[in-house]
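S.K.: Numbering (my numbering), first residue to last: 5 to 213.
1. Between residue 120 and residue 174, what straight-line distance do the alpha-carbon atoms span, to the nearest angstrom?
2. What are the boundary residues of the alpha helix (DSSP H) that residue 92 is part of?
3. Would you list the residues sitting across from residue 194 in a DSSP beta bridge?
4. Which of the three DSSP states, helix, strand or coil, is assigned to residue 173?
5. With DSSP collapsed to three states, give me the class of residue 168.
6. Between which two residues does the beta strand (DSSP E) harbouring residue 137 extend?
7. Between residue 79 and residue 178, what straight-line distance do the alpha-carbon atoms span, to the nearest angstrom?
8. If residue 172 sits next to residue 199, beta carbons under 8 Å apart, how far is it from one beta carbon to the other, in whole angstroms?
9. Please state if the CB of residue 125 and the CB of residue 62 are separated by a distance shorter than 8 Å.
10. Return the CA-CA distance between residue 203 and residue 176, expressed in angstroms with no decimal places.
11. Could you tell me which residues DSSP puts in a beta bridge with residue 120?
12. For residue 58 and residue 136, I'd like the C-alpha separation in whole angstroms.
13. Hey, how far is the Cα of residue 55 from the Cα of residue 92?
14. If I follow the unbroken beta strand (DSSP E) through residue 201, where does it start and stop?
15. In whole angstroms, what separates the C-alpha of residue 101 from that of residue 74?
16. What residue from 115, 99, 105 has the CA that sits closest to residue 85's CA?
17. Per the DSSP calculation, residue 162 is bridged to which residue(s)?
Given below as structure tokens:
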């Protein structure tokens, strides 16, 4: 397995845990997720940033971690800082290993932006993107939808639910045309702004033999 990967995490998942456990690799083949990780290299690399900053601090200035590379050390540092000190405005992040860059989605906050850019080390680029929803709110909506996974069985099938770091909940279904109006009506006008419905293939059963 090569190192040229892009992976994402919404603010409800600890990036430190994800990196340490290697869950982003597992998630690339997963069907349903409760707001964890999904790979999407093309869309991440093409995202337009509202602010970009290049790291200037030396790698050794960050806490010594087992995660290894300068990029992953920045990722863990940024995620921990944002989740602990700015939980109401931090939405999530994605990582592009090929381009040694971190994309952070957050509600506009000069203090958070300065803290994130200040955590970047030499050779790592941070791109900041605006959202209008924080990770706590996003994950509350995602959890609510997850609880309703079987609610519409017989009408359509919800196959995956994921809190996306860009500021919406992605719902994968078997029939988007039928499901989208029903889902958006069920969760109300405000929440429907943060719901995106798309087709998802049926998850393959795991052969335990």
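Ideal Cβ placement from N, Cα and C applies to all residues, glycine included.
Quick caveat: nothing in here was measured; it's all calculated off a predicted structure.
M.R.: The short version:
1. For the pair residue 120 and residue 174, the Cα-to-Cα distance works out to about 26 Å.
2. Premise fails: residue 92 is in no alpha helix (DSSP H) and is neither H nor E.
3. Bridge partners of residue 194: none, in fact.
4. In the structure shown, residue 173 sits in a strand (DSSP, three-state: E or B).
5. The three-state reading of DSSP puts residue 168 in strand, counting E and B together.
6. Per DSSP, residue 137 is not a residue of any beta strand (DSSP E), being assigned neither H nor E.
7. Approximately 34 Å between the Cα atoms of the pair.
8. Here residue 172 really is in contact with residue 199; their C-beta atoms are around 7 Å apart, less than 8 Å.
9. Result yes, Cβ atoms of residue 62 and residue 125 sit closer than 8 Å.
10. Looking at the backbone, the Cα of residue 203 and that of residue 176 are separated by about 5 Å.
11. Beta-bridge annotation (DSSP): residue 120 is not paired with any residue.
12. When only Cα atoms are considered, residue 58 and residue 136 end up about 25 Å apart.
13. Their backbone Cα atoms lie some 20 Å apart in a straight line.
14. Under the DSSP assignment, residue 201 falls in the beta strand (DSSP E) whose first and last residues are 199 to 203.
15. Separation of residue 101 and residue 74 (C-alpha to C-alpha, rounded to the nearest whole angstrom) is 11 Å.
16. With respect to the C-alpha of residue 85, the residue from 115, 99, 105 having the closest C-alpha is 115.
17. Looking at the DSSP assignment, residue 162 forms a beta bridge with 177.
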